[in-house]
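Student: Each residue of the sequence shown is one higher than the one before, counting from -8 in our numbering.
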Amino acid sequence: MSSSVPTTVPFDLRVEPIDEVLNEVERSLRTQLDRGTLVRKRRSLGACTSRRTWVRIERRRLQRIGSQGWNGTECAAVLEGVAQPRWHRAAVWRQPDTAVMWRVDETDLLPGEPIGTSVLAADPGLPDEWWHALNASLDALGAQRTTRVATPDTVTITQHGVAEAIRRFLPDGIDMTANEWRPAHADLNWANVTGPEFCLFDWEDWGMAPRGLDAASLWGNSLAVPALAERVRHERRHDLESRDGKLMTLFVCAKILAPDAHPEDPRLEPARRMAAQIAEHLHTD
């Protein structure tokens, strides 16, 4: 008998009806949501609760969940020395008659506002203390171990995928193997960190990745503000100047320079220059 379960559903929570989803969250967690605080993104929702906590609600197709599951925020609760909201509880359910699942994670409220959108257009003027806290958290994260594998953009990072992404920048014969794999947040951008007090949130994609992924990601999301991008490179130079860090910088450049990139994206030219510079360095090493 063939399955009658649809494999696709509309996938933009910014415009879809969500009342039933919010009602299910309230029933599952036995709390009330403050609808006035609701944040709607393409594949996730967020809101304050009557317990003065925060819930993040995400929908994923079954094929995007994979063998390691999608409990990244819950698993990140065991990380030591990393500034993140304290995790409390979760609920997971399958949407009836679809190949889709929902998950809600309840955490402490953030200590401040997200610094901006994922890509910044102006320097946020962060104090030195913020950069010290960023470094302390990323260093602590990189020193730990996990069986999870990072899933940037919900796609599991692999050696093959890295090589395919950066191949266009490098001549034949250059070794594209990433040798140092460490835990990474895997979605480090300016919408997932707070200020002026540093806190890193949205941990659903974290796991093992080549050294320098997080630093390269934050650098790439800063390229529209040259001084900010240079500050990121300075603060995380021990990662970005490593061989794997150079490969991860090319990996991020490949995403910025994708065929569907907006022609007026201010990051395009600095990404091209950096990719050419790193390719030359790797060729002469």
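Ideal Cβ placement from N, Cα and C applies to all residues, glycine included.
#1: Go ahead and pull the three-state DSSP assignment for residue 58.
#2: Who are the near neighbours of residue 154 in its chain, counting only those whose CB is closer than 7 Å to its CB and skipping five residues on each side?
#3: Take residue 55 and list the residues in its own chain whose beta-carbon comes closer than 7 Å to its own, dropping the five residues that flank it on each side.
#4: Indicate the three-state DSSP secondary structure (helix, strand or coil) for residue 35 in the structure shown.
#5: Residue 221: buried (16+ other C-beta within 10 angstroms of its C-beta) or exposed?
#6: Between the alpha carbons of residue 264 and residue 91, how many angstroms are there, rounded?
#7: How long is the line joining the alpha carbons of residue 138 and residue 194, rounded to whole angstroms?
#8: Give, in chain order, every unbroken run of the alpha helix (DSSP H) that is at least 4 residues long and sits entirely within the segment 178 to 253.
#9: For residue 46, tell me which candidate among 267, 188, 16 has the shortest Cα-Cα distance.
#10: With DSSP collapsed to three states, give me the class of residue -7.
#11: Could you tell me whether the Cβ atoms of residue 143 and residue 96 are closer together than 8 Å?
#12: Using the beta-carbon count (16 or more within 10 Å), is residue 53 buried or exposed?
#13: Closest by CA to residue 67, which one among 140, 165, 150, 223?
#14: Return the residue from the list 22, 176, 32 that minimises the CA-CA distance to residue 3.
#15: Ends of the beta strand (DSSP E) at residue 99?
#16: Using only alpha-carbon positions, find the residue among 41, 199, 27, 157 that is nearest to residue 20.
#17: Helix, strand or coil: how does DSSP classify residue 9 here?
#18: Rounded to a whole number of angstroms, what is the C-alpha to C-alpha distance between residue 267 and residue 160?
#19: Going by DSSP, what residues sit across from residue 136 in a beta bridge?
#20: Tell me which residues share the same chain as residue 132 and place their Cβ nearer than 6 Å to its Cβ, disregarding the 5 neighbours each side in the sequence.
#21: By the 10 Å Cβ neighbour count, where 16 or more other Cβ atoms means buried, how is residue 210 classified, buried or exposed?
#22: Under 8 Å between the Cβ atoms of residue 185 and residue 71?
#23: Express the C-alpha separation of residue 274 and residue 49 in angstroms, rounding to a whole number.
#24: Thinking C-alpha only, which one of 270, 240, 102, 117 is nearest residue 165?
#25: Helix, strand or coil, according to DSSP, for residue 274 in the structure here?
#26: Given a threshold of 16 other Cβ atoms within 10 Å of its Cβ, counted over all protein chains shown, does residue 218 qualify as buried or as exposed?
Tutor: Quick answer:
#1: coil
#2: 167
#3: 145
#4: strand
#5: exposed
#6: 41 Å
#7: Pairing residue 138 with residue 194, the inter-Cα distance amounts to about 15 Å.
#8: 204 to 211, 217 to 226, 228 to 231, 234 to 247
#9: For the set 267, 188, 16, the Cα lying nearest the Cα of residue 46 is the one of 16.
#10: Interpretation of residue -7 is limited by its pLDDT of 41, a score under 50 that renders its predicted location unreliable; the figure taken from the coordinates is listed afterwards. In this structure, residue -7 counts as coil in the three-state DSSP scheme.
#11: Not a contact, by the Cβ cut-off of 8 Å.
#12: exposed
#13: 140
#14: 32
#15: 91 to 99
#16: The shortest C-alpha separation from residue 20 is found at 41.
#17: coil
#18: 7 Å
#19: Beta-bridge partners of residue 136 (DSSP): none assigned.
#20: The answer, listed in chain order, is 73, 174.
#21: buried
#22: no
#23: 42 Å
#24: 270
#25: helix
#26: exposed
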